[in-house]
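Sequential numbering from 0 applies to the sequence shown in numbering that gives the first Met the number 0.
Inspection log for the structure reproduced underneath, given as structure tokens.
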Amino acid sequence: MQRLFTMVFIASLFFSGSYAPAQQKTHSERILSGTPGTVQFDLKGHTEYVKDVRWSPDGTKLATVSGGALDNSAIVWSAVTGEKLYTLPYAKSISWSPDGSKIATINSDSTPANYKIFVVIWSTANGEKLLTIKAHTMAIEMLSWSPDGSKIATASTDKTAGIWSVTSGDKLLGLNAHSKTVNHIFFSPNGEKVLTASADNTAIIWSSSNGEKLLTLSGHTLGIQDAAWSPDGTKIATAGMDKNCIVWQASNGEKLFTMSHSWVVESVNWSPDNSKLVTSSMESAFAWSSSSGEKLQTLKGHRSRIYTAYWSPDGSKIATASSDSTTIIWSSDGAKLLTLKGHTENTGVNTARWSPDGKRIATGGDDRTAKIWYITDPNKVEELPNATNPGFTLYPNPAAKNIQLNFGESISHPTTLRLVTMLGMQAASVTLPAGTSEWTMSVEGLPAGMYMAEWNGTAHAVVVE
């Protein structure tokens, strides 16, 4: 099916002169780009193993961090071009703010005694250091942003957790009740509560407003390896060294059911619709019903230990990363779809994370590289939810460095507007809520080049200079 395109030129940002938008035809399907299972970008910059990778919320950047004591850095890359943008020194762990404007890292300095005791806030525009917080007296194990991006929560080997202002660096709350290392900390989806999980076999739910301990979740016989809120905030899953994963009612701490494994449970993650869980344990991963605890699928295909298992953003797939050098993509019903082979043989893949749009996977390996892979099936046809909408028109706004979009009439369903490169890779995106008739989208900071503004099967071409 042929698309119609309208060209808009941008100078400095926009080409000067008048622009009369052409009427678009509405199409009912769209062909997605990218060859599944192939490497788009091979990101080489670390001198020791890559332990984690994190996508920016808009999918245009990727942050990688090394676990090695000598590398001692995080790197931020363009996920549009593969270019290294900047390096964050002494970083041991990374997390993007919800709006993507900042990165928080767990940091050391050049002093061995100060290993992993700082939180540093950086600007994602240029890698500028904005704030340093000396958060703990011993190593910080994890940090988490509040949903509104105003606070950071930290968990430490000093047996405490804390909540901090990201503008002033002030300590807002101390969360002190665990008897051993606090391994994990997460804000609830609505930001009203905080969950901590510890090597003391317990998890605790706290008020994020006053630090009150609300509930203690006691049921594991060994330390907790991982924990996660359900997307709707009504349940909590904890994964333990005791080979069990337990699901709890978040409102009253009731233990709902236990999912038993043959080995230590390494990770647990919820599907986006709250209906399923995926756990990883030794060389297998398992999908479970979150309402009954019934085992739905066994994902067995790796030759050795699985480190992480994550649902795709739409819940249709699962990605597992393994010490056998591969990442496997599975359908939600347990079928093996793709095996990603590209990291050096006999080196582990430490993590595999989905891009926000679910079209790509980023992996980090023991071979000192991170890779971005195409996952999307190029022959897949997506039905579009606003088939009766007459399309959209686009107007440049040079002074504000944005584009103004008009949809003619209110759109009937939530849909995604994307700016993509001429190679089909997403440069920016926004989800438009139902009822939208006009929208303003910033193009400031995009690399120079031609992009397509795509929505509902129609598109306008935009040139950024």
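We put the CB at the ideal spot given by N, CA and C, even for glycine.
This structure is a prediction, so every number in the text was calculated from the model and none was measured.
The closest CA to that of residue 69, considering only 53, 164, 80 and 48, is found on 48. One Cα belongs to residue 351, the other to residue 335, and the distance between them is close to 16 Å.
The C-alpha of residue 205 is placed about 11 Å away from the C-alpha of residue 160. Linking residue 65 to residue 443 through their CA atoms gives a straight-line distance of about 30 Å. By the Cβ neighbour-count rule, residue 302 is exposed, with fewer than 16 other Cβ atoms within 10 Å of its own.
Shown here for residue 44: same chain residues with a beta carbon closer than 6 Å to its own, the five before and five after excluded, namely 74 and 83 in chain order. The alpha-carbon of residue 347 is positioned some 41 Å away from that of residue 462. Beta bridge pairing from DSSP links residue 417 with 428 and 453.
The C-alpha of residue 98 lies about 31 Å from the C-alpha of residue 342.
By the beta-carbon neighbour count (other beta carbons within 10 angstroms, threshold 16), residue 265 is buried.
Inter-residue distance for residue 409 and residue 435 is about 5 Å (C-alpha atoms, whole angstroms). Listed in chain order, the beta strand (DSSP E) elements of length 3 or more contained wholly in the region 80–128 are 83–88, 90–95, 101–106 and 117–122. Excluding the 5 residues flanking it on each side, residue 171 has same chain C-beta neighbours closer than 7 Å at 150, 162, 163 and 164, in chain order. Runs of the alpha helix (DSSP H) lying entirely within the region 334–370 and spanning at least 4 residues: none are present. Secondary-structure assignment with DSSP links residue 263 through no beta bridge to anything.
Residue 322 carries a coil assignment under DSSP once its states are collapsed to helix, strand and coil. Residue 142 counts as buried, since at least 16 other C-beta atoms from the protein chains shown sit within 10 angstroms of its C-beta.
Residue 211 carries a coil assignment under DSSP once its states are collapsed to helix, strand and coil. In the three-state scheme derived from DSSP, where H, G and I count as helix and E and B as strand, residue 249 is classed as coil.
Counting C-beta atoms within 10 angstroms of its own C-beta, residue 399 has fewer than 16 neighbours from the protein chains shown and is therefore classed as exposed. Between the region 181–198 and the region 115–135 there are fewer than three inter-stretch CB-CB distances shorter than 8 Å, so the stretches are not counted as touching. Annotated as distal: residue 238 and residue 277, with beta-carbon spacing of 8 Å or more. Membership of residue 437 in the beta strand (DSSP E) is indicated by the continuous run 437–441. Look at residue 186 here: in three-state DSSP terms it is strand. Counting of Cβ neighbours within 10 angstroms places residue 329 among the buried residues, the total reaching 16 or more.
A straight line joining the alpha-carbon of residue 258 with that of residue 292 spans about 6 Å. Distance from the CA of residue 240 to the CA of residue 260, rounded to the nearest whole angstrom, comes to 10 Å. Residue 51 and residue 446 have their C-alpha atoms spaced approximately 26 Å apart.
The residue from 441, 418, 448 and 373 with its alpha-carbon nearest to that of residue 39 is 373. In this structure, the alpha-carbon of residue 156 lies about 25 Å from that of residue 252.
The bridge partners DSSP lists for residue 258 are 244. About 6 Å separates the Cβ atoms of residue 355 and residue 56, confirming a contact at the 8 Å cut-off. Counting only the Cα atoms, residue 228 lies some 19 Å from residue 284. Residues 191 of the same chain have their beta carbon placed closer than 8 Å to that of residue 208, with the five preceding and five following residues left out of the count. Setting aside the 5 residues that flank it on each side, residue 101 is surrounded in the same chain by 95, 120, 121, 122, 123, 129, 148 and 165, each with a C-beta closer than 8 Å to its C-beta; the list follows chain order. CA-CA distance, residue 297 to residue 286, rounds to 7 Å.
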